[in-house]
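Residue numbers (my numbering): 118 to 281. Note that beta-carbon positions come from the ideal geometry of N, C-alpha and C, so glycine has one too.
This is the structure:
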């Protein structure tokens, strides 16, 4: 985890529904990109943390959102840092090819929210933020790249929500 003097960091959750299992040859292109893309994230400016399954290099074995749904949960110092990694790095190729490997989502599949620096979001917290975005649309509590809010605008929502 990179050190930062910022009071807030940006949490990010993305869910993706696989068209085929990870061990299917039709998904091999995605699987082949996992290690290089994750290494690029780990070394990207502004990267803080990403969810990985214990004993694994990534989180693809975790299925908290459904058997055929993989999750990416990460924390970044700024929205710009996450944007740059997502759209200005080797990750872009994976984004451009995503329809080969993942179903098209009809509802929100990505959510961003501000957290106190030093806090690592749980999967439950992340899924709750996604549910909030889906139910209520973008707000300072749960938003997207195209409908974003600053950490100052989200200040009252910085504390993690306790589990229900």
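Query	Result
Cut-off 8 Å between Cβ atoms - residues of its own chain near residue 135, not counting five sequence neighbours on either side	144, 185, 186, 187, 218, 219 and 220
Boundaries of the alpha helix (DSSP H) in which residue 250 is found, first to last residue	240 to 253
Secondary structure, alpha helix (DSSP H): runs of 4+ residues fully inside the stretch 131 to 215	145 to 160, 196 to 204 and 208 to 213
At least 3 beta-carbon pairs within less than 8 Å: the stretch 175 to 184 vs the stretch 250 to 257	no
DSSP bridge partner residues for residue 129 (one or two, in chain order)	191 and 229
Exposure of residue 140, with buried meaning 16 or more beta-carbon neighbours within 10 Å	exposed
Cα-Cα separation, residue 164 to residue 205	14 Å
Stretch pair the stretch 150 to 160 + the stretch 228 to 241: three plus CB contacts closer than 8 Å	no
Whole-angstrom distance between residue 243 and residue 130, CA atom to CA atom	6 Å
Contacts around residue 176, its chain only, beta-carbon distance under 8 Å, and the 5 residues preceding and following it disregarded	167, 168, 169, 170, 187, 188, 189 and 190
For residue 259, three-class secondary structure by DSSP	strand
Burial state of residue 262 (16 or more Cβ within 10 Å)	exposed
Cβ-based burial, residue 267 [other Cβ within 10 Å; buried from 16]	exposed
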